[in-house]
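Just below is one structure, and these are the notes that go with it.
Numbering (this note's numbering), first residue to last: 23 to 238.
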């Protein structure tokens, strides 16, 4: 392992002090643990996702993050993914960041559905839930995904949009082990990357006591 230079060490300490203005030490440790679990469970796709966010931050917001080394900025991204600036509020502000491309409908390999949605959608469509959904290890999933059976590839529209499951309504949010909302590590989803970029910027602004934030 290469020794850390005095300058790099000072930057690491500065970053710890900066994040401690937003997060309690115990919370920070817990978030890093959860970030590690997500990284290990998601693998290379998570690393690629973090790299995409890093690239956007460097190319579009370097005035804000230019003094943060890449490895420390990666750490900030992974921590902010676990908690940080509230995601739902940012999603409302950044609604235009969703390109409506249908990536989430066509490329998501497995679509989890909550029990109340299973009952509601089955009832609305007047079909047996077992015909539409699979029960695996006590959890419901769409029977046909990748692409979703209700996504029209030609029009890019959802045929049950008004009654779509909460998973689709909340995309790109998902719950982690602590029931906190994290963003789905989808590097090809413009919306997921965009929301994460502004979570990072918002958290850094909060830590630095800067009330202003970049416009979406």
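Heads up, the beta-carbon is just placed ideally off N, CA and C, and yes, glycines get one too.
Sequence-distant residues of the same chain with beta carbon closer than 7 Å to residue i, five excluded per side
i	result
residue 144	150, 151, 154
residue 64	207
residue 167	130, 131, 132, 133
Cutoff 6 Å; reference residue i; Cβ partners in own chain excluding five residues on either side
i	result
residue 146	185
residue 218	75, 205
residue 35	In this predicted model, residue 35 has a pLDDT of only 49, less than 50, meaning its place in the structure is not dependable; the value taken from the coordinates is given anyway. Taken in chain order, the list of residues that qualify is empty.
residue 230	none
8 Å CB neighbourhood of residue i in its chain, flanking five on each side removed
i	result
residue 209	67, 70, 71, 73, 74, 215
residue 254	Limits of the chain in this structure are 23 at one end and 238 at the other, which puts residue 254 out of reach.
residue 161	134
Range covered by the alpha helix (DSSP H) that runs through residue i
i	result
residue 70	66-82
residue 127	125-129
residue 101	92-104
Given residue i as reference, the closest of the options once Cα atoms are compared
i	options	result
residue 191	226, 160, 168, 113	113
residue 174	193, 211, 124, 58	124
residue 182	127, 228, 194	127
Closer than 8 Å to chain C by CB, residue i
i	result
residue 129	Among the chains of the structure shown, chain C does not appear; only one protein chain is present.
**Asked** Which parts of the region 141-217 are runs of the beta strand (DSSP E), unbroken and 3 residues or longer, counting only runs that do not cross its ends?
**Response** 155-158, 161-164, 195-197, 203-205
**Request:** Decide yes or no for the touch test of the region 91-103 against the region 129-137: beta carbon pairs closer than 8 Å, at least 3 of them.
**Result:** no
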